[in-house]
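Those protein sequence lines, which keep their order, are chains A and B. Sequence positions in the first sequence follow the numbering used here and run 73 to 190. Sequence positions in the second sequence follow the numbering used here and run 73 to 190. For reference, the structure is listed below as structure tokens.
Protein chains: 2
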Amino acid sequence: MQHGRGIALNSFSAVSDETRRTILDLLIKKPLTVGQINRHFSSLTQPGISKHLAVLRKARLVKVSVSAQNRVYSLDKEGFLELEKWISKYQEFWKSNLDSLVKYLDRNSKSERKVIQK
Amino acid sequence: MQHGRGIALNSFSAVSDETRRTILDLLIKKPLTVGQINRHFSSLTQPGISKHLAVLRKARLVKVSVSAQNRVYSLDKEGFLELEKWISKYQEFWKSNLDSLVKYLDRNSKSERKVIQK
DNA sequence: TGGTTATATAACTGGAATGTAATATATAGT
DNA sequence: ACTATATATTACATTCCAGTTATATAACCA
């Protein structure tokens with residue numbers, strides 16, 4: 073691998089791809105094999121799907137269990153926790169009424185004399 | 073713009089970049105101008121920062137207010153709502169004890185006779 | 001007015017991501 | 001043992017993205 077899909081280890085870049093989000097949407101319903109997932113994507117080849125799954129695996133958003141020649145993929149909590157942890161910080165921010173204070177300041181930003189620190 | 077950063081409109085790809093996540097981390101503390109943000113990144117040029125801010129703006133993760141030559145950037149709730157909405161679906165999934173059921177099935181996947189639908 | 005400061009935009013470049021075809025590997029079934 | 005099936009990996013092509021330099025735009029200040 074001279075580079076390619078092996079770098080995207082964090083869950084943020086993993087979910088930035090539309091196809092991978094669709095795969096997660098499929099797996100939330102029930103665990104699926106690679107072939108079953110592949111059948112949902114008429115425009116993608118099997119190796120393409122396998123690569124996306126590798127990215128999701130590295131980000132710990134999915135996990136595999138081997139069953140004969142089949143690999144059954146299902147959601148893995150780990151990666152989702154990373155995402156949740158990150159977003160919860162901003163949820164806290166919006167929860168506090170600092171939110172409306174900023175809105176108030178915004179409304180007056182053009183008329184008010186505002187000191188901007190260099 | 074023959075391509076570049078103008079395509080990434082959704083909040084997922086916007087937050088997939090480490091630099092942009094750092095910018096959001098700065099803005100959660102307080103609104104900042106482009107120059108102030110730029111000073112936090114010794115390795116980046118001003119146009120580089122402006123482009124990241126353009127991506128964040130299109131994803132509605134930040135908003136601007138003009139104050140003379142300064143543009144004061146602050147967090148915008150819209151984009152975060154999109155992210156929260158997406159992740160809440162998975163939070164629900166993990167909340168249900170389907171989670172532990174899957175774990176149970178995983179443990180037994182090698183020993184059990186499992187029927188996989190083609 | 002002229003010069004400086006703050007920011008955005010355009011054009012370009014290198015490297016990373018995404019997709020493919022070909023191939024390897026392992027298992028099932030006959 | 002032989003063939004078919006399921007999946008991963010490799011090598012490669014193409015597209016996309018983050019960064020740069022150069023330049024445009026606009027407002028401030030002397």
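Quick reminder that beta carbons are idealized off the backbone N, C-alpha and C, glycines included. Predicted model only: the values in this text are computed from it and were never measured.
The beta-carbon of Thr94(B) is placed no less than 8 angstroms from the nearest beta-carbon of chain A.
When DSSP states are grouped into helix, strand and coil, Val134(B) belongs to the strand group.
For the segment 144-166 of chain B, the beta-carbon criterion of a distance under 8 angstroms to any beta-carbon of chain A is satisfied by Val144, Ser146, Leu147, Lys149, Phe152, Leu155, Glu156, Trp158, Ile159, Lys161, Tyr162, Gln163, Phe165 and Trp166.
Around the C-beta of Arg92(A), 16 or more other C-beta atoms lie within 10 Å, and the residue is accordingly described as buried. Closer than 8 angstroms to the CB of Thr105(A) there is at least one CB belonging to chain B.
As the crow flies, the alpha-carbon of Leu81(A) is around 17 angstroms from that of Ile95(A). Closest option to Arg143(B), judged by alpha-carbon separation, among Thr117(A), Lys190(A), Lys161(A) and Tyr145(A): Lys190(A). Boundaries of the beta strand (DSSP E) harbouring Val144(B): Asn142 to Leu147, taken from the DSSP string. Take Ala86(B), set aside five residues on each side of it, and the residues of its chain with a beta-carbon closer than 8 angstroms to its own are Ala80, Arg92, Val127, Leu128, Lys130, Ala131, Leu133 and Gly151, in chain order.
A Cβ of chain A is located within less than 8 angstroms of the beta carbon of Asn142(B). Look at Ile109(B): its C-beta is not under 8 angstroms from any C-beta on chain A.
For Val187(A), there is no enclosing alpha helix (DSSP H), as DSSP marks it with neither H nor E. Here the C-alpha atom of Leu98(A) lies approximately 32 angstroms from the C-alpha atom of Phe165(A). Membership of Thr94(A) in the alpha helix (DSSP H) is indicated by the continuous run Glu90 to Lys101.
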